[in-house]
Amino acid sequence: MTDTLIPLTKKDFTSDQEVRWCPGCGDYSILAQTQKTMPDFGVPRENIVFISGIGCSGRLPYYMNTYGFHTIHGRAPTLATGLKAARPELMVWVITGDGDALSIGGNHVIHSMRRNVDIRLIMFNNRIYGLTKGQASPTSEFGKKTKSTPSGTVDTPIMPLSVALTAEATFVARSVDTQTEHLQETLFAAGNHRGSAFVEVLQNCNIFNDGAWRSFTDKDVRDDRMLVLKHGQPMVFGKEHDKGIRLRGLQPEVVELGDDVSMADVLVHDETDQALAYLLSRMFYPDFPVPVGVLHRTSRPTHDQLVTAQIDDAIAKSGKGDLSKLLFSGETWTVS
Amino acid sequence: MVQELDRVTIRFAGDSGDGMQLTGTQFTRTAAVYGNDIATLPDYPAEIRAPAGSLPGVSGFQISFSSSDIHTPGDAPDVLVAMNPAALKTNVGDLPPGGALIVNSDAFSSANLAKAGYASNPLTDGSLQAWTVFEIPISALNERSLDGLDMTSKQKDLTKNFFALGIMFWLYERSMDPTLKWITAKFGSKPVLAEANTRALKAGYAFGETTEIFHTHYRVKPANLPPGTYRNITGNEATALGMVAAAQLAQRPLFYGSYPITPASDILHQLSTYKHFGVKTFQAEDEIAAIGSAIGASYGGALGLTASSGPGIALKTEAMGLAVMVELPLVVIDVQRAGPSTGMPTKIEQSDLLQVMYGRNGDAPMPVVAPATPGECFDYAVEAWRIALKYMTPVAYLSDAFLATGSEPWKVPAVADLPSIAVDNWTDKDTFRPYLRDPETLARPWAVPGTPGLEHRIGGLEKADITGSISYDPDNHHRMTMLRHEKVANIANDIPDLQVYGPSRGDVLVLGWGSTYGALRSAVERLHADGKAVSHAQLRHLNPFPRNTGDVLGSFRRVLMPEVNMGQLRHLIRDRYLVDAIGLNKVRGKPFRIAEIEAAVRLLLDEDSSR
Numbered sequence: 022m023t024d025t026l027i028p029l030t031k032k033d034f035t036s037d038q039e040v041r042w043c044p045g046c047g048d049y050s051i052l053a054q055t056q057k058t059m060p061d062f063g064v065p066r067e068n069i070v071f072i073s074g075i076g077c078s079g080r081l082p083y084y085m086n087t088y089g090f091h092t093i094h095g096r097a098p099t100l101a102t103g104l105k106a107a108r109p110e111l112m113v114w115v116i117t118g119d120g121d122a123l124s125i126g127g128n129h130v131i132h133s134m135r136r137n138v139d140i141r142l143i144m145f146n147n148r149i150y151g152l153t154k155g156q157a158s159p160t161s162e163f164g165k166k167t168k169s170t171p172s173g174t175v176d177t178p179i180m181p182l183s184v185a186l187t188a189e190a191t192f193v194a195r196s197v198d199t200q201t202e203h204l205q206e207t208l209f210a211a212g213n214h215r216g217s218a219f220v221e222v223l224q225n226c227n228i229f230n231d232g233a234w235r236s237f238t239d240k241d242v243r244d245d246r247m248l249v250l251k252h253g254q255p256m257v258f259g260k261e262h263d264k265g266i267r268l269r270g271l272q273p274e275v276v277e278l279g280d281d282v283s284m285a286d287v288l289v290h291d292e293t294d295q296a297l298a299y300l301l302s303r304m305f306y307p308d309f310p311v312p313v314g315v316l317h318r319t320s321r322p323t324h325d326q327l328v329t330a331q332i333d334d335a336i337a338k339s340g341k342g343d344l345s346k347l348l349f350s351g352e353t354w355t356v357s
Numbered sequence: 059m060v061q062e063l064d065r066v067t068i069r070f071a072g073d074s075g076d077g078m079q080l081t082g083t084q085f086t087r088t089a090a091v092y093g094n095d096i097a098t099l100p101d102y103p104a105e106i107r108a109p110a111g112s113l114p115g116v117s118g119f120q121i122s123f124s125s126s127d128i129h130t131p132g133d134a135p136d137v138l139v140a141m142n143p144a145a146l147k148t149n150v151g152d153l154p155p156g157g158a159l160i161v162n163s164d165a166f167s168s169a170n171l172a173k174a175g176y177a178s179n180p181l182t183d184g185s186l187q188a189w190t191v192f193e194i195p196i197s198a199l200n201e202r203s204l205d206g207l208d209m210t211s212k213q214k215d216l217t218k219n220f221f222a223l224g225i226m227f228w229l230y231e232r233s234m235d236p237t238l239k240w241i242t243a244k245f246g247s248k249p250v251l252a253e254a255n256t257r258a259l260k261a262g263y264a265f266g267e268t269t270e271i272f273h274t275h276y277r278v279k280p281a282n283l284p285p286g287t288y289r290n291i292t293g294n295e296a297t298a299l300g301m302v303a304a305a306q307l308a309q310r311p312l313f314y315g316s317y318p319i320t321p322a323s324d325i326l327h328q329l330s331t332y333k334h335f336g337v338k339t340f341q342a343e344d345e346i347a348a349i350g351s352a353i354g355a356s357y358g359g360a361l362g363l364t365a366s367s368g369p370g371i372a373l374k375t376e377a378m379g380l381a382v383m384v385e386l387p388l389v390v391i392d393v394q395r396a397g398p399s400t401g402m403p404t405k406i407e408q409s410d411l412l413q414v415m416y417g418r419n420g421d422a423p424m425p426v427v428a429p430a431t432p433g434e435c436f437d438y439a440v441e442a443w444r445i446a447l448k449y450m451t452p453v454a455y456l457s458d459a460f461l462a463t464g465s466e467p468w469k470v471p472a473v474a475d476l477p478s479i480a481v482d483n484w485t486d487k488d489t490f491r492p493y494l495r496d497p498e499t500l501a502r503p504w505a506v507p508g509t510p511g512l513e514h515r516i517g518g519l520e521k522a523d524i525t526g527s528i529s530y531d532p533d534n535h536h537r538m539t540m541l542r543h544e545k546v547a548n549i550a551n552d553i554p555d556l557q558v559y560g561p562s563r564g565d566v567l568v569l570g571w572g573s574t575y576g577a578l579r580s581a582v583e584r585l586h587a588d589g590k591a592v593s594h595a596q597l598r599h600l601n602p603f604p605r606n607t608g609d610v611l612g613s614f615r616r617v618l619m620p621e622v623n624m625g626q627l628r629h630l631i632r633d634r635y636l637v638d639a640i641g642l643n644k645v646r647g648k649p650f651r652i653a654e655i656e657a658a659v660r661l662l663l664d665e666d667s668s669r
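Here the protein sequences come in this chain order: A and B.
Per my numbering, the very first residue in the first sequence carries number 22; after that it's consecutive.
Per my numbering, the very first residue in the second sequence carries number 59; after that it's consecutive.
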């Protein structure tokens with residue numbers, strides 16, 4: 022008997038450390054939804070590892086009662102890659118932010134995705150550097166005035182999900198800190214995926230960038246300004262379910278359902294279609310409703326599976342390595 | 059006529075497309091299998107193919123082989139084989155007067171002479187009078203020996219290095235068998251190439267035997283090495299084997315995270331062929347990912363290993379600090395090369411010592427070990443892991459370009475004679491505290507994910523002593539800093555004393571580290587023959603130093619410290635022991651010559667006697 026047979030609850034995943042984010046921070050919700058979702062996987066706590074980089078998000082592992090490793094700025098995916106290769110049976114989560122993942126750690130995100138490392142990378146996107154007190158981030162909107170860009174940033178923002186898709190991630194999704202049920206669903210889907218999962222969580226930094234996403238996430242506007250994706254379902258949105266996305270040539274467009282446009286004209290979401298997912302990743306408010314949910318999900322062998330298979334093959338071919346034989350291999354001669 | 063010699067040093071030099079490294083390696087294998095003691099020094103350009111015939115494109119390989127114990131590839135060649143004018147020009151200055159010079163006269167065209175910057179042909183203008191010149195039309199003779207083979211002239215010309223090798227085999231009474239075997243194995247699927255190389259080799263040999271050019275050939279008897287089974291090994295090969303051995307001895311899988319860099323890449327190439335030993339190799343996207351993945355693997359209970367050279371170590375620095383902070387076992391190999399920045403990637407230098415000692419933010423002590431010969435790279439791979447595992451610490455392992463690519467006969471150890479370095483993971487959840495230390499080693503427990511009840515968090519933030527909770531407490535930070543320092547300093551109690559070669563007290567101690575070993579030892583041997591009270595010691599543990607280091611230093615009137623850097627170990631020694639050590643510092647991308655060391659010691663002795 023092990024204690025893993027008793028169903029775990031959110032409490033089991035809550036560590037004894039006092040949570041130290043600013044009051045009102047979106048991270049509280051992400052932590053709560055993560056802790057709530059964990060029991061649903063049926064994975065023993067000791068087999069779950071949370072690895073983070075630097076930034077406000079980096080503190081999350083301390084609050085999870087699992088194994089946790091708070092590493093250095095941008096490098097969490099690299100430690101996760103090594104851990105997962107060494108210990109394929111572990112469930113590994115990477116917690117990161119927009120600066121950690123897309124500035125200093127951009128290279129590692131790209132390569133962990135293209136390798137299909139079996140990690141769930143959750144990127145808290147608040148479009149600002151919070152821990153260092155308010156500098157522009159790679160997702161800050163063009164022209165944004167911050168402490169480090171008093172005349173406005175001159176950098177075009179990066180589109181995180183487009184990056185993940187072109188880096189060959191096998192699971193790409195987006196959710197919002199305040200939409201707790203949707204966030205739980207998204208985390209659950211990511212957790213059940215085998216391979217590189219990239220989840221962008223739109224998160225509010227109420228101190229340095231308050232309301233960054235409010236223009237489309239607020240309760241009274243979100244139905245008209247967000248598009249909740251469901252695999253196999255037409256892309257319909259709006260309070261009255263009266264708007265949809267239609268393809269004109271290679272470009273999406275927003276259409277009003279009615280006499281001229283029928284449901285049959287509306288794009289149907291297909292998670293397995295990478296090109297469609299890319300098109301969705303380019304859609305953003307105010308030109309388009311912001312897509313949330315799983316944009317892309319596909320399957321290919323994971324990095325640790327491929328590494329392990331090569332080892333198994335080598336052992337099958339030449340037998341388990343014999344150290345003495347190895348040392349005495351090559352041309353030897355004997356002096357008596 | 060056969061003349062017996064104790065020791066011969068040959069340098070093969072040619073264009074980097076002429077196959078000089080292969081030629082040198084083949085001669086080395088043959089001499090090694092014959093039972094000579096050997097030492098080799100490859101010297102090649104960083105450019106893959108510099109313009110053919112140009113001075114920067116010259117590639118050389120020096121081998122010294124002997125019937126007695128030798129430590130270096132020789133100060134100067136006895137024989138220089140120059141395959142083109144550029145090779146002649148860049149190497150002939152190293153050939154002592156009277157030395158034998160074998161040249162491929164076919165390569166001395168006006169175009170090649172111009173590329174090498176010769177205004178007139180040295181073969182005819184009398185400028186080579188100081189040497190015994192053997193002009194051989196190697197290209198033409200070789201092409202003739204390949205008559206009838208289905209190959210272009212250009213392809214045929216690529217085998218001329220084996221014609222030259224054949225000549226050298228005849229000249230030094232060597233069997234062609236090891237090379238013939240190698241040809242069969244290498245070109246088995248390409249019969250034309252196998253035939254061409256075989257013919258070239260045999261034609262060169264026959265040329266030596268039948269022509270009247272060489273009046274004498276030479277015999278260098280096998281060396282009287284200690285009994286055992288030997289193989290020829292380079293430092294990089296020994297490093298890779300040592301790492302696999304360490305993993306077997308520790309009974310844990312080896313994970314190797316690495317990014318290609320000269321001169322460390324061969325370790326990756328070799329380890330990637332040991333998959334049947336459970337070795338997982340990972341060619342990372344950059345140096346930081348390489349070390350990050352290794353730390354991740356160590357966190358998971360494997361032996362996380364990474365390697366690079368100076369520029370890559372610079373990139374790994376922050377992660378090395380993380381490993382110090384989270385106190386996980388990790389070995390970081392630095393195969394040093396000439397710096398700073400990109401420097402001279404294929405050239406020799408030992409100038410990263412202070413980088414691995416101090417190149418981190420905060421007080422972040424790390425043990426440092428440094429093998430002194432290619433064969434020792436094996437022993438110190440195991441030693442690095444012994445320390446890393448026992449003390450839960452990252453360890454720096456300093457090799458260099460000379461050790462990495464140079465070779466020597468290596469007495470293969472019996473596996474049963476290797477030390478056991480296995481350590482257990484922590485499993486008891488009642489007594490587990492992430493930073494509760496072993497009272498003797500001060501190591502914290504290694505608690506790996508997957509162990510029920512030990513769920514805990516580690517990271518780069520300062521941790522409270524024992525509990526491992528985040529702590530900004532001033533006294534705690536001071537205590538933890540002291541503990542990290544003490545843990546590494548205490549390793550001094552667990553490493554062998556510094557050995558002194560020669561009298562234990564005397565006039566001069568020649569103190570070195572790393573690949574200078576051979577030149578230092580040989581110089582001191584010569585001085586002993588002259589009755590001088592001079593001794594040699596080579597430090598293999600550079601942090602901490604062996605406990606008796608201070609006593610050894612105090613037993614000599616003078617301490618001379620030759621280093622292929624501006625005096626990095628000397629800084630550490632002077633700092634730690636307040637000894638007025640004298641530096642001998644040369645950074646020419648080349649190893650010390652024995653004569654340079656000997657002269658420096660004699661100068662000191664003369665100074666003292668004239669006082």
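All residues carry an ideal CB built from backbone N, CA and C; glycine is no exception.
None of these values were measured; they are calculated from a predicted model.
Span separating the alpha-carbon of residue i from that of residue j
i	j	result
Leu113 (chain B)	Ser593 (chain B)	40 Å
Leu182 (chain A)	Ser350 (chain A)	50 Å
Lys166 (chain A)	Gln200 (chain A)	28 Å
Glu502 (chain B)	Arg634 (chain B)	Checking the sequence, you will find Arg at residue 502 (chain B) rather than Glu. Cα to Cα, the separation comes out at about 28 Å.
Ser73 (chain A)	Pro429 (chain B)	36 Å
Arg87 (chain B)	Gly246 (chain B)	20 Å
Gly79 (chain A)	Ile353 (chain B)	18 Å
Met226 (chain B)	Tyr263 (chain B)	8 Å
Arg269 (chain A)	Phe340 (chain B)	44 Å
Ser351 (chain B)	His132 (chain A)	12 Å
Arg108 (chain A)	Ile160 (chain B)	58 Å
For residue i, the three-state DSSP class (helix, strand or coil)
i	result
Ser122 (chain B)	strand
Leu238 (chain B)	helix
Arg616 (chain B)	strand
Leu80 (chain B)	helix
Glu544 (chain B)	helix
Cβ separation of residue i and residue j, assumed to be a contact under 8 Å, to the nearest whole Å
i	j	result
Leu618 (chain B)	Ala587 (chain B)	The Cβ separation is near 18 Å, so there is no contact.
Ser409 (chain B)	Asn623 (chain B)	4 Å
Quiz item: Which residues, in chain order, does the segment 102 to 136 of chain A contribute to contact with chain B at a C-beta distance below 8 Å?
Solution: Thr102, Gly103, Leu104, Lys105, Ala106, Ala107, Arg108, Glu110, Leu111, Asn128, His129, Ile131 and His132
Exercise. Taking only beta carbons into account, state which residues of the segment 373 to 389 of chain B come closer than 7 Å to chain A, listed in chain order.
Key: Under the 7 Å Cβ criterion, the segment 373 to 389 of chain B contributes Glu376, Ala377 and Leu380.
Practice problem: Give the residues from the segment 77 to 105 of chain B that approach chain A closer than 9 Å (Cβ to any Cβ), ordered along the chain. | Solution: Arg87, Ala90, Val91, Tyr92 and Gly93
Quiz prompt | alpha helix (DSSP H) runs wholly inside the segment 434 to 491 of chain B, at least 4 long, in chain order | solution = 434 to 449 and 459 to 463
Quiz item: Of all the alpha helix (DSSP H) runs that stay within the bounds of the segment 181 to 224 of chain B, which reach a length of 4 or more residues?
Solution: 196 to 203 and 211 to 215
Self-check item: Contact residues within the segment 220 to 234 of chain A, judged by C-beta distance below 7 Å to chain B
Solution: Against chain B - using a Cβ distance shorter than 7 Å - the segment 220 to 234 of chain A contributes no residues.
Quiz item: Along the segment 138 to 167 of chain A, what residues have a CB closer than 8 Å to any CB found in chain B?
Solution: none
Exercise. Name, going along the chain, the residues of the segment 336 to 353 of chain A whose beta-carbon falls closer than 7 Å to a beta-carbon of chain B.
Key: Ile336, Ser339, Gly340, Lys341, Gly342, Leu344, Ser345, Leu347, Leu348, Phe349, Gly351, Glu352 and Thr353
Quiz item: Could you give the uninterrupted runs of the beta strand (DSSP E) lying entirely in the segment 241 to 276 of chain B, keeping only those of 3 residues or more?
Solution: For the segment 241 to 276 of chain B, not a single whole beta strand (DSSP E) run of length 3 or above is found.
Exercise. Using a Cβ-Cβ cut-off of less than 7 Å, give me the residues of the segment 296 to 326 of chain B that come near chain A, in sequence order.
Key: Leu299, Val302, Ala303, Gln306, Pro311, Phe313 and Gly315
Exercise. Mind listing, in chain order, the continuous beta strand (DSSP E) runs of no fewer than 3 residues lying wholly within the segment 342 to 398 of chain B?
Key: 361 to 366 and 388 to 394
Quiz item: Where are the alpha helix (DSSP H) runs, 4 residues long or more, that stay fully inside the segment 305 to 340 of chain A, in chain order?
Solution: 324 to 339
Quiz prompt | Every unbroken beta strand (DSSP E) inside the segment 244 to 292 of chain A [3 residues or more] | solution = 247 to 249, 264 to 269 and 272 to 277
Quiz item: Residues in the segment 466 to 497 of chain B with C-beta within 9 Å of chain A's C-beta atoms, listed in sequence order?
Solution: Pro467, Lys469, Val470, Pro471, Ala472, Val473, Ala474 and Leu476
Practice problem: Any chance you could list the alpha helix (DSSP H) runs of at least 4 consecutive residues sitting entirely within the segment 70 to 140 of chain A, in chain order? | Solution: 81 to 84, 97 to 107 and 127 to 135
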